[in-house]
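Colleague: Here this note's numbering is used: the first residue of the sequence shown is 18, the next is one more, and so on. Every residue gets a Cβ at the ideal spot worked out from N, C-alpha and C, and that includes glycine. Please read all numbers here as calculations on a predicted model, not as lab measurements.
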Amino acid sequence: MRKPCPETYRQPSPETYVNHAPRQYTKRSLSNVAKTNVFITFQGKNYKVSVSRKDFEKATESLLNRTRELVEDVLDETNLTWDGIDYVLLIGGSTRMPMVREMVEKISGKTPETNVNPDEAVALGASIQAALEVANGSGSVSTDSGDVPVVPAAGKDIVIQDVTSQALGTLTYNPETDIERNTVVIPRNAKIPGSYSEEFSTVVDNQTEIRVQVTQGDDPDPKFVVILGESTLRIPPYPKHSPIRVTYHYDIDQTVQIEVTDLVSNQSLGTFEIDRAANLNDEQVAAATDKIGNMTVE
């Protein structure tokens, strides 16, 4: 429901979003029944609204399409097909919706697993990851109750590979087109720890410096990426188009060491580091501090 207002055309009325409970109830009910009634209060009056599953699915169709596109993108980026996927595990409470399960089964040709609570799946995975790291090959985790063995799933060894959540790159300049662009060095979902390199070249004769700007994001337009850090390194005055190699060494602690190599002499021009885990601005740090300060731990 929307409140007509010429000054804020198509903007929802604040009253519409005061109480989230009816909408949550409706969404959850329609996961189990084809139609439900929801009671809402608007401008001091009570209303009973009948909502069907078809109405809900039509209203959220764009979100479902976006979910399907994201799944397909992940498969493309990892060079996988559904034939290479053993199990489909649903994550998050929204996957209880029949339309989500049906969509996943339709595109994958596989029936999603139902033996794991979608609300707990991420926590269970994090627990397995923590156990593997703490055990560190010992086969057990020390607790207050003693050593607890790490039990493999379904009799198989568990192997978890860390990957990058976002692409890392560097800004490059083409003097012929006078265009600056973002060039990806480490693609999103690349395995880490690992080292990734790209080769570039100087842009003018007798160039004596190289400015390396480390970016986060895979968009070629510099306006849509974030600069994590930069360093200016000295280089011998070579002719233009002299080759340079930029290598990103990404470790398990999210520290990235950038190494620049002069390929004419095959000598390192220097290195510097970017700590991605600590890459927060003052406002983000303050917001996180306030959030933690307001938490109550029982």
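#1: Label residue 194 either buried or exposed according to how many other C-beta atoms from any shown protein chain fall within 10 Å of its C-beta, with 16 as the threshold for buried.
#2: Helix, strand or coil for residue 115, going by three-state DSSP, please let me know.
#3: So for residue 235, helix, strand or coil by DSSP?
#4: Out of 42, 65, 58, 55, state which residue places its alpha-carbon closest to the alpha-carbon of residue 111.
#5: Let me check one thing: in DSSP terms, what residues is residue 130 bridge-paired to?
#6: Check for me: the beta strand (DSSP E) holding residue 66 runs from which residue to which?
#7: Looking at residue 121: is its Cβ nearer than 8 Å to the Cβ of residue 107?
#8: Expressed to the nearest angstrom, what Euclidean distance is found between the alpha-carbon atoms of residue 292 and residue 65?
#9: Could you check where the alpha helix (DSSP H) with residue 82 kicks off and where it finishes?
#10: Can you check whether the CB of residue 218 is closer than 8 Å to the CB of residue 192?
#11: Cβ of residue 69 versus every heavy atom of the ligand NAD: is any distance shorter than 7 Å?
#12: Hey, how far is the Cα of residue 179 from the Cα of residue 245?
#13: Here's the rule: buried if 16 or more other CB atoms are within 10 angstroms of the residue's CB, otherwise exposed. What is residue 184?
#14: Does the count of Cβ pairs from the region 54 to 62 and the region 86 to 100 closer than 8 Å reach three?
#15: Could you tell me if residue 203 is buried or exposed, where buried requires 16 or more neighbouring beta carbons within 10 angstroms of its beta carbon?
#16: Would you decide whether residue 109 is buried or exposed? Buried here means 16 or more other CB atoms lie within 10 Å of its CB.
#17: Can you give the beta carbon distance from residue 221 to residue 255, rounded, assuming they're within the 8 Å contact cut?
#18: By alpha-carbon positions, which one of 126, 141, 288 ends up nearest to residue 132?
#19: Quick one: what does DSSP say residue 198 is sitting in, helix, strand or coil?
#20: How would you call residue 278, buried or exposed, if buried means at least 16 neighbouring beta carbons within 10 angstroms?
#21: When the Cα of residue 199 is compared with those of 224, 234, 214, 212, which residue comes out closest?
#22: Tell me where the beta strand (DSSP E) around residue 186 begins and ends.
#23: Please say whether residue 206 and residue 181 have beta carbons closer to each other than 8 Å?
#24: Determine which residues share a DSSP beta bridge with residue 260 and list them.
#25: Have a look at 274, 117, 114, 129 and flag the residue whose alpha-carbon is nearest the alpha-carbon of residue 103.
#26: Taking all protein chains shown into account, do 16 or more other C-beta atoms lie within 10 angstroms of the C-beta of residue 263, making it buried, or fewer, making it exposed?
#27: Beta-carbon within less than 6 Å of residue 46's beta-carbon, same chain only, minus the 5 sequence neighbours each way: which residues are those?
#28: In angstroms, rounded to a whole number, what distance separates the CA positions of residue 99 and residue 86?
#29: Assign residue 225 to buried or exposed, taking buried as 16 or more other Cβ atoms, counted over all protein chains shown, within 10 Å of its Cβ.
#30: Can you look up residue 205 in the DSSP assignment and give me helix, strand or coil?
Modeller: In short, the structure shows the following:
#1: exposed
#2: helix
#3: coil
#4: 42
#5: 106
#6: 62 to 69
#7: yes
#8: 54 Å
#9: 78 to 94
#10: no
#11: Among the ligands in the structure shown, none appear at all, so the ligand NAD cannot be discussed.
#12: 21 Å
#13: buried
#14: no
#15: buried
#16: exposed
#17: With 8 Å as the limit, residue 221 and residue 255 do not qualify as a contact, their Cβ atoms being about 10 Å apart.
#18: 141
#19: strand
#20: buried
#21: 234
#22: 185 to 191
#23: yes
#24: 218
#25: 129
#26: buried
#27: 53
#28: 14 Å
#29: exposed
#30: coil
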